[in-house]
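S.K.: Just so you know, we're using this note's numbering here: the sequence shown kicks off at 865 and counts up by one. Structure in structure tokens, see below.
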Amino acid sequence: MRKIRVFFTKLGRAKYISHLDSNRCWQRSIKRSGLPVWYTEGFNPHMYLTFPLPLSLGYESKYECVDMKLMEDLSDAEVVQRLNDALPLDIRVFACAEPVMDQKEIAWADYDIFLSCDNAAALSEELSAYFAQEQILVQKKTKKGSKEVDLKPHFSVLKQEVEEEGIALTLRCTTGIEVNINPSLLLENFSGIDKVETTSTCRTMVYTAKLEQFK
């Protein structure tokens, strides 16, 4: 038995597939591919699939992964080809390898965000002032209820550029099992968000606490 980590993109129309439906989509696609994946044992056997970092509905991503186990020793290239032949066109596998890091090591993720608006220059100044606050307190929903969280230590602005039709941002946010900060939580608390016409978000990379690419 061989454990593998499959890396893939989720773009275009695939951003409208929820995490639960993504799980179902992968199970159906793997069955179509004919890959000899391992099923759990017991009264209710099911396909072993683990997604380390669920993606929010409406988000695109250039760096997703799923762990699975193979009962036969197939080449990485064959796994990639067979999956891409079976998956929807907006979900593409670009790599496959044995896991290097534990899923618990995930700590950060980068997001490219575009805020479409009329007066981008003025809104960008408001946004800079918002990011520069000593504290950014929000109510974050958890399994145990709602609690107040200071987002300031949990994000950094890597890029903020004014373009013709809006503002291009790149944010690095705390991401993982213990603390997971969704960029939407940060932006929805911004007082000028009502001036934004549309927002697009794409996760571009996932890192460990040492900012090493998660592999």
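C-beta: ideal position from N, C-alpha, C; glycine also. What you are looking at is a predicted structure, and each value in this text was computed from that prediction instead of being measured.
For the alpha helix (DSSP H) holding arginine 956, just list the boundary residues, first then last.
M.R.: Here arginine 956 belongs to no alpha helix (DSSP H); instead the beta strand (DSSP E) covers 955-961.
S.K.: Using only the alpha-carbon positions, how far apart do asparagine 948 and leucine 1015 sit?
M.R.: Taking the straight line from one Cα to the other gives about 38 Å.
S.K.: Determine the DSSP secondary structure at glutamine 967, reduced to helix, strand or coil.
M.R.: If DSSP states are grouped into helix, strand and coil, glutamine 967 belongs with the helices.
S.K.: Report the three-state DSSP secondary structure of aspartate 982 (helix, strand or coil).
M.R.: Note: aspartate 982 maps to coil in three-state DSSP.
S.K.: For the alpha helix (DSSP H) containing isoleucine 894, name the first residue and the last one.
M.R.: Its alpha helix (DSSP H) spans residues 883-897.
S.K.: Excluding the five sequence neighbours on either side, which residues of its own chain have a C-beta within less than 7 Å of the C-beta of glutamate 1029, listed in chain order?
M.R.: Counting only Cβ-Cβ distances below 7 Å, and skipping sequence neighbours, we find Ser980.
S.K.: Can you give the Cα-Cα distance for glutamate 1061 and methionine 865, rounded to whole angstroms?
M.R.: Going from the Cα of glutamate 1061 to the Cα of methionine 865 covers about 50 Å.
S.K.: Apart from the five residues on each side of it in sequence, which residues of its chain come closer than 8 Å, Cβ to Cβ, to glutamine 999?
M.R.: Counting only Cβ-Cβ distances below 8 Å, and skipping sequence neighbours, we find Asp1014, Lys1016.
S.K.: Please return the same chain residues whose Cβ sits closer than 8 Å to the Cβ of glutamate 962, not counting the five positions on each side in sequence.
M.R.: So the list reads Arg866, Lys867, Ile868, Arg869, once near-sequence residues are dropped.
S.K.: Could you check what DSSP says for glutamine 999 in three-state terms: helix, strand or coil?
M.R.: In this structure, glutamine 999 counts as coil in the three-state DSSP scheme.
S.K.: Thinking C-alpha only, which one of Leu921, Asp937, Leu938, Pro952 is nearest cysteine 1066?
M.R.: Closest by alpha carbon: Leu921.
S.K.: Taking the alpha carbon of leucine 1035 as the reference point, which residue from Gln967, Ser897, Phe1019 has its own alpha carbon closest?
M.R.: Comparing Cα positions, the closest option is Phe1019.
S.K.: Alpha carbon to alpha carbon, what distance is there between asparagine 983 and threonine 914?
M.R.: Roughly 43 Å separates the two Cα atoms.
S.K.: Classify alanine 1032 as helix, strand or coil using the three-state DSSP reduction.
M.R.: In the structure shown, alanine 1032 sits in a strand (DSSP, three-state: E or B).
S.K.: Please check the pair aspartate 954 and glycine 876, which I expect to be a contact at CB under 8 Å, by giving their CB distance rounded to whole angstroms.
M.R.: Contact flag correct, Cβ pair sits at about 4 Å.
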